[in-house]
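Trainee:
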Amino acid sequence: MNQPHLPEVLDLSGELFHTDQYATYREILEQRPVTKVRFYDGSFVWLVNRYEDVRAALSDDRLSNDPTKQSDIDLSAATGIPADLVEYFQRNMFRSDEPDHGRLRKLVSREFTMRRINALRPRIQEIAEDLVEKFAATGGGDLVAALARPLPLTVMCELLGVPEEDRTDFQIWSSHVVESDPTFAERNAVSYRSLFECIRSLIHRRRDEPGDDLLSALVALRDSGDGDRLSEDELISTAFLLLVAGIETTVNVLGTGSFLLLSHADQLARLRADDGLSGSAVEEILRYMAPIEMTTRHTLEPVEIGGASIDAQSTVLINLAAANRDPARFPDPQSFRVDRNDGSHLTFGHGIHYCLGAALARAEAEVFFDVLLKRFPTLELAVPTEELTWRHVFMRGPLELPVSWR
Numbered sequence: 174m175n176q177p178h179l180p181e182v183l184d185l186s187g188e189l190f191h192t193d194q195y196a197t198y199r200e201i202l203e204q205r206p207v208t209k210v211r212f213y214d215g216s217f218v219w220l221v222n223r224y225e226d227v228r229a230a231l232s233d234d235r236l237s238n239d240p241t242k243q244s245d246i247d248l249s250a251a252t253g254i255p256a257d258l259v260e261y262f263q264r265n266m267f268r269s270d271e272p273d274h275g276r277l278r279k280l281v282s283r284e285f286t287m288r289r290i291n292a293l294r295p296r297i298q299e300i301a302e303d304l305v306e307k308f309a310a311t312g313g314g315d316l317v318a319a320l321a322r323p324l325p326l327t328v329m330c331e332l333l334g335v336p337e338e339d340r341t342d343f344q345i346w347s348s349h350v351v352e353s354d355p356t357f358a359e360r361n362a363v364s365y366r367s368l369f370e371c372i373r374s375l376i377h378r379r380r381d382e383p384g385d386d387l388l389s390a391l392v393a394l395r396d397s398g399d400g401d402r403l404s405e406d407e408l409i410s411t412a413f414l415l416l417v418a419g420i421e422t423t424v425n426v427l428g429t430g431s432f433l434l435l436s437h438a439d440q441l442a443r444l445r446a447d448d449g450l451s452g453s454a455v456e457e458i459l460r461y462m463a464p465i466e467m468t469t470r471h472t473l474e475p476v477e478i479g480g481a482s483i484d485a486q487s488t489v490l491i492n493l494a495a496a497n498r499d500p501a502r503f504p505d506p507q508s509f510r511v512d513r514n515d516g517s518h519l520t521f522g523h524g525i526h527y528c529l530g531a532a533l534a535r536a537e538a539e540v541f542f543d544v545l546l547k548r549f550p551t552l553e554l555a556v557p558t559e560e561l562t563w564r565h566v567f568m569r570g571p572l573e574l575p576v577s578w579r
């Protein structure tokens, strides 16, 4: 089938990337798999889309994750972080290259272990069941606000030892700082500062009164005199990364997954009939609508990607969402199938920066959908799908998801 020609200039803030962007990605994959696009600030950046190109770019050490290596970048302007706090929020493994990345990941991995995550699973089940029962008593409403947001918020805050009285604020601030729309820059700067102050205060409390939580373990690692350890800046930045990434990404997975199941009746019926498909269904949700659509890299030297020559000091957007629907890798990629049983999507990245929290996100999603579907056998969307509003471009998920049941 012939696709219409794309406009000469692709604009990330334009309608093509905000209204049915998957149709746009399909056209880009066919017509311009590596192309320049206009960024929000008016500059032009490279957009990489094909699965093989994206996978290669994610593991190419000539493409840096560290924005400080771009000589002409204003990190405060580019990220929305107040200038005096940039260093605190950029000193984590996500924003680092080797050897710093490997050192930080190794240190955090000592405490953020599969044993700790597996031990959380019964608690995730308990939290999900409690939230679902409270939601059942309301007769219907917004699934995102009632379930998809509070589950990962509670799990991550308990994992890190965030007191209950601080959790509502963390929820608000974390949702603000992942917002890419420059319209909200001033509000987001306030939220960055509030997060910084709260995390720093929490670290001080855990230093004085350690508990059996991940943050206490990281503080102890920071304060130990044994070998390599986290700096204070790295500790703050790592806590920020775990909190925000651990909450917002999973909110999107749960909200988007609920939407996909409720808008694909045949697939919902298949999953209800065979709970052995739960793992495959979660992988298909992650593939079909990635919770983070794009990630950023910066070229340290001239590179060639997909036949395009890209200069040093260039910004490259890696389109995970487009790669996950590349027909060269996934048969019938535009179809949502809970029995696809293919975990080769790139939603959690690839290479050394593969998401450390992927196992936790998967565990939360599997438990959530199992509890949700068993408790609500007649669950359905309460509004037409075209009335839903979505996060877009970088973070992908429904802002609200009104549901009802009979």
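Residues 174 to 579 in the working numbering are what the sequence shown spells out, letter by letter. We put the CB at the ideal spot given by N, CA and C, even for glycine.
1) For arginine 379, I'd like the list of residues in its chain whose CB is within less than 7 Å of its CB, leaving aside the five on either flank, ordered along the chain.
2) Starting from phenylalanine 369, trace the alpha helix (DSSP H) in both directions and tell me its first and last residue.
3) Do you know offhand how far arginine 486's Cα is from alanine 438's?
4) Applying the criterion that 16 or more other CB atoms from any shown protein chain within 10 Å of the CB defines a buried residue, is glutamine 194 buried or exposed?
5) To the nearest whole angstrom, what separates the beta carbons of glycine 452 and glutamate 539, a pair I think is in contact under 8 Å?
6) Taking buried to mean at least 16 other C-beta atoms within 10 Å of its own C-beta, is leucine 304 buried or exposed?
7) Under the rule that 16 or more other beta-carbon atoms within 10 Å means buried, what is threonine 341, buried or exposed?
8) Considering only DSSP beta bridges, list what aspartate 315 is partnered with.
9) To the nearest angstrom, how far is it from the Cα of proline 500 to the Cα of threonine 311?
10) Smallest Cα separation from glutamate 466: which of Asp401, Leu414, Leu529, Gly570?
11) Got a sec, what are the start and stop residues for the beta strand (DSSP E) serine 389 sits in?
12) With a threshold of 16 other CB atoms inside 10 Å of the CB of isoleucine 420, please say whether the residue is buried or exposed.
13) Taking 6 Å as the limit between beta carbons, can you name the residues of its chain near valine 544, skipping five residues before and five after?
14) Do threonine 472 and arginine 264 have their C-beta atoms closer together than 8 Å?
15) If we count the other Cβ atoms within 10 Å of its Cβ and call it buried at 16 or more, is asparagine 175 buried or exposed?
16) To the nearest angstrom, how far is the alpha carbon of aspartate 386 from that of glutamate 331?
17) Go ahead and pull the three-state DSSP assignment for leucine 185.
18) Taking the C-alpha atoms as reference points, what is the distance between glycine 430 and threonine 208?
19) Just to confirm before moving on: does the CB-CB distance between alanine 532 and methionine 329 stay below 8 Å?
20) Go to methionine 287, then tell me how far its alpha helix (DSSP H) extends in each direction, as first and last residue.
21) Determine the DSSP secondary structure at phenylalanine 217, reduced to helix, strand or coil.
22) Do you know offhand how far isoleucine 483's Cα is from isoleucine 345's?
23) Please look up how many angstroms separate the CB atoms of phenylalanine 267 and asparagine 238, rounded, as I've assumed it's under 8 Å.
Mentor: So, from the data block:
1) These residues qualify, in order along the chain: Gly334, Leu388, Ser389, Val392.
2) Where phenylalanine 369 is concerned, the enclosing alpha helix (DSSP H) stretches over 358–381.
3) One point to set straight first is that residue 486 is glutamine, not arginine, in the sequence displayed. Approximately 47 Å, taken between the alpha carbons.
4) It counts as buried.
5) That pair is a contact at about 6 Å.
6) Looking at its Cβ environment, which holds 16 or more other Cβ atoms inside 10 Å, leucine 304 is buried.
7) With fewer than 16 other CB atoms across the displayed protein chains lying within 10 angstroms of its CB, threonine 341 is exposed.
8) Beta-bridge annotation (DSSP): aspartate 315 is paired with Pro575.
9) Here the C-alpha atom of proline 500 lies approximately 43 Å from the C-alpha atom of threonine 311.
10) Closest by C-alpha distance to glutamate 466, out of Asp401, Leu414, Leu529, Gly570, is Gly570.
11) If you look at serine 389, you'll find it isn't in any beta strand (DSSP E); it sits in the alpha helix (DSSP H) that goes 387–396.
12) With 16 or more other Cβ atoms within 10 Å, it is buried.
13) If we look at valine 544 and ignore the five residues flanking it on each side, its Cβ neighbours are Ala301, Glu302, Val305.
14) No; because the gap between Cβ atoms is not below 8 Å, this pair is not in contact.
15) With a pLDDT of 49 at asparagine 175, under the threshold of 50, the modelled position of that residue is not reliable, and no figure is offered here.
16) About 7 Å.
17) In this structure, leucine 185 counts as coil in the three-state DSSP scheme.
18) Rounded to whole angstroms, the gap between the alpha carbons of glycine 430 and threonine 208 is 30 Å.
19) No, these two residues do not count as a Cβ contact at 8 Å.
20) Looking at the DSSP string, the run of the alpha helix (DSSP H) that includes methionine 287 is 287–309.
21) Strand, per DSSP.
22) Computed Cα separation, rounded: 38 Å.
23) Asparagine 238 and phenylalanine 267 do touch by the CB rule: their CB atoms are close to 7 Å apart, below 8 Å.
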